[in-house]
Amino acid sequence: MRTGVLILNVGSPEAPTTPALRVYLRQFLGDPRVLDMPAWKRWLLLHGIILRFRPKKSAEAYSKIWTTEGSPLIAHTRAFAAKLAAELGPDYRIEYAMGVGNPSIGDRLESLLREPLHELIVFPMFPQYASATTGGMVEAVLRRLAPETNIPALRIAGSFFNHPAYLDAVAEVSAPVLAGINPDHVLFSYHGLPEDQIRKSETTPDHCLSANDSCCAEYGAKNAFCYRAQCFATTRALTERLRLPPQSFSMSFQSRLGRAVWIRPYTEETLQALAKHGVRRLAVLTPSFVSDCLETLEEIGIRGAEVFKKAGGESLHLVPALNSSELWAKAAAKILQNR
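Our numbering numbers the first residue of the sequence shown as 3 and each following residue consecutively.
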């Protein structure tokens, strides 16, 4: 009997068109883990505002990064699944699925369960834990498995923000790029979350989001599920591996949605501040994304570069994500095999 591995990523619209984005956003933002608010309020926000205006704007953004293979995120995930299968060998069966869109979690689980499995490993492709990503994916898998008569031994590959194999892979991919760019400054930009979602994850809310960032200076039992603390831990580990001096880097959070207060500092404001303080060549790493996607290629690589240059910077270089590199396939194999 083989071990099954289900790789999970967020997903992508079927095409860079307004109708396709309307379908995608309805499913994605309709998830109560993503828009964490009362159901009636989420419905009004989604149908009264977001779906009326955002699909067209998002379609225009997707059209700038769409490839002959379709969505970059799905193309990278597909290629990574093939690399991981080759790395793990015939004792493993690898499938990949998307939380939103196709291939769906239900379809790929159904395919996996046709074969008696020794174990099923669920592998959410999110280094840092968040309820809206890893939590939502795990919930979807458990919901699909619940009615099954035969359920194999199940293991969730948890967050890997501090796994040496993941950190080494990011550093090895990034180091030669940084050497070629010779940037004045390195920015670590992570996907943001509303502050309310961060506080919900804390076992000691009075300790959370302190003004001087002391709550995220260390990672431990008090903030074990804190996304922001995990991002800080990833940054600390990567800057050590990349041997970046203390004043040569900073970190921020991107991809805000709506008017709620999200975790700070915000990436757009940070890009402007860095340029105004004399940074001319900026490199940006995005360690919350293992696959390049809209949020890296368009939000940082295109719009972020425009913001930075408008504020006085000369060049912004987006350091590629792990994507389907051999380094990432080898690192993921170690994560899945607990090595």
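Using N, Cα and C, we set each Cβ at its ideal position, and we do this for glycine too.
Buried versus exposed, by CB contacts within 10 Å (16 or more), Thr-151 = In the sequence shown, the residue the question calls residue 151 occupies position 149. Exposed is the call here.
What runs of the alpha helix (DSSP H), each 4 residues or longer, lie entirely inside the segment 226 to 283?
-> 229 to 244 and 269 to 278
Same chain, Cβ closer than 6 Å to Asp-198, five either side skipped, listed in chain order = Along the sequence shown, read from residue 1 onward, the residue named residue 198 stands at position 196. Taking C-beta separations shorter than 6 Å and ignoring five residues to either side along the sequence, Asp-198 has no partners in its chain.
Evaluate Met-3 with the Cβ neighbour count: other Cβ atoms within 10 Å of its Cβ, from every protein chain shown; 16 or more gives buried, anything less gives exposed.
-> What you label residue 3 is simply residue 1 of the sequence shown in a count that begins at 1. The residue in question, Met-3, is exposed, as its Cβ has fewer than 16 Cβ neighbours within 10 Å.
What did DSSP end up calling Arg-44 once you bin it into helix, strand or coil?
-> Numbered from 1 along the sequence shown, position 42 holds the residue referred to as residue 44. If DSSP states are grouped into helix, strand and coil, Arg-44 belongs with the helices.
If you draw a straight line from the C-alpha of Arg-28 to the C-alpha of Pro-248, how long is it?
-> For this step, residue 28 is matched to residue 26 along the sequence shown. For this step, residue 248 is matched to residue 246 along the sequence shown. Taking the straight line joining both Cα atoms gives about 42 Å.
Does the Cβ-Cβ distance between Ala-307 and Lys-278 come in under 7 Å?
-> Position 305 of the sequence shown holds residue 307. Position 276 of the sequence shown holds residue 278. Cβ distance not < 7 Å, so Ala-307 and Lys-278 don't count as in contact.
Closest residue to Leu-114 among Pro-129, Glu-271 and Ile-96 (Cα-Cα distance) | If you number the sequence shown from 1, residue 114 lands on position 112. Taking only the C-alpha atoms, the option nearest Leu-114 is Ile-96.
Can you tell me which of Leu-180, Lys-336 and Gly-260 puts its alpha carbon nearest to the alpha carbon of Ala-285?
-> In the sequence shown, counting from the first residue as 1, residue 285 sits at position 283. It is Leu-180 whose Cα lies nearest to the Cα of Ala-285.
Does the beta-carbon of Lys-43 have 16 or more other beta-carbons within 10 angstroms, so that it is buried, or is it exposed?
-> Translated into positions along the sequence shown, residue 43 becomes position 41. Exposed is the call here.
Comparing alpha-carbon positions, which option in Pro-40, Ser-257, Ala-333 and Asn-11 lies nearest Met-127?
-> Position 125 of the sequence shown, counted from the start, is the residue given in the question as residue 127. Checking every option, the nearest Cα to that of Met-127 belongs to Asn-11.
How far does the beta strand (DSSP E) with Thr-5 in it reach, from first residue to last?
-> Reading the sequence shown from its first residue, position 3 is the one you call residue 5. From DSSP, the beta strand (DSSP E) with Thr-5 extends over 4 to 13.
Ile-153 in three-state terms, based on DSSP | By one-based count along the sequence shown, residue 153 stands at place 151. Residue state, collapsed to three classes: coil.
Same chain, Cβ closer than 8 Å to Ala-88, neighbours up to 5 away in sequence not counted | Residue 88 sits at position 86 when you count from the first residue of the sequence shown. Same-chain partners within the cutoff: Ala-331.
Count the CB pairs spanning the segment 226 to 238 and the segment 294 to 310 that are closer than 8 Å, and state whether there are at least three.
-> no
Whose C-alpha, out of Pro-166, Leu-246 and Thr-70, is nearest the C-alpha of Asn-340?
-> Your numbering for residue 340 matches position 338 in the sequence shown. For Asn-340, the nearest C-alpha among the options comes from Pro-166.
List the whole-angstrom C-beta distance separating Val-143 from Val-124, where the pair is believed to meet the contact cut-off of C-beta under 8 Å.
-> The sequence position of residue 143 within the sequence shown is 141, counting from 1. The sequence position of residue 124 within the sequence shown is 122, counting from 1. Rounded, the Cβ-Cβ distance is 5 Å, consistent with contact.
Can you tell me whether DSSP reads Glu-89 as helix, strand or coil?
-> Within the sequence shown, the letter at position 87 stands for residue 89. Helix at Glu-89.
Under the three-state reduction of DSSP, which class applies to Thr-298: helix, strand or coil?
-> If you number the sequence shown from 1, residue 298 lands on position 296. Thr-298 falls in the helix class under three-state DSSP.
According to the neighbour-count rule (16 or more other Cβ atoms, all chains shown, within 10 Å of its Cβ), is Pro-92 buried or exposed?
-> Here residue 92 refers to the residue found at position 90 of the sequence shown. Pro-92 comes out exposed.
Bridge partners - Pro-196, DSSP secondary structure assignment | For the purposes of this step, residue 196 is identified with residue 194 of the sequence shown, where counting begins at 1. In DSSP, Pro-196 forms a bridge with Trp-264.
Assigned exposure category for Val-7 - 16 Cβ within 10 Å defines buried = Taking the sequence shown and counting its residues from 1, one reaches residue 7 at position 5. Answer is buried; the Cβ neighbour count reaches 16.
In or out: Trp-264 buried (at least 16 other Cβ within 10 Å) or exposed?
-> Residue mapping note: residue 264 aligns to position 262 of the sequence shown, counting from 1. Buried.
Identify whether Ile-123 lies in helix, strand or coil by the three-state DSSP scheme.
-> What you label residue 123 is simply residue 121 of the sequence shown in a count that begins at 1. Reduced to three states, the DSSP call for Ile-123 is strand.
Out of Ile-153, Phe-227 and Met-100, which has the shortest C-alpha to C-alpha gap to His-120?
-> Here residue 120 refers to the residue found at position 118 when the sequence shown is read from its first residue. The shortest C-alpha to C-alpha distance from His-120 to any of Ile-153, Phe-227 and Met-100 is the one to Ile-153.
CA nearest to the CA of Leu-338, picked from Leu-156, Asp-109 and Gly-72 = In the sequence shown, residue 338 corresponds to position 336, counting from 1. Taking Leu-338 as reference, the option from Leu-156, Asp-109 and Gly-72 with the minimal CA-CA separation is Leu-156.
When the Cα atoms are used, what is the spatial distance from Ser-133 to Pro-185?
-> Here residue 133 corresponds to residue number 131 of the sequence shown, with the count starting at 1. Here residue 185 corresponds to residue number 183 of the sequence shown, with the count starting at 1. Rounded to the nearest angstrom, the gap between the Cα atoms of Ser-133 and Pro-185 is 34 Å.
Is DSSP giving His-165 helix, strand or coil here?
-> Sequence index remark: in the sequence shown, residue 165 carries index 163 (1-based). Three-state DSSP puts His-165 in coil, outside helix and strand.
Taking the DSSP output, what are the residues bridged to Ser-317?
-> As a first step, residue 317 is located in the sequence shown; it is residue number 315 there, counting from the start. Ser-317 is bridged by DSSP to Arg-283.
What three-state label does DSSP hand Gly-72 in the structure shown?
-> Locating residue 72 in the sequence shown gives position 70, where the first residue counts as 1. Strand.
Flag this pair as yes or no: are the beta carbons of Arg-283 and Ser-252 separated by less than 7 Å?
-> Taking the first residue of the sequence shown as 1, we reach residue 283 at position 281. Taking the first residue of the sequence shown as 1, we reach residue 252 at position 250. No; because the gap between Cβ atoms is not below 7 Å, this pair is not in contact.
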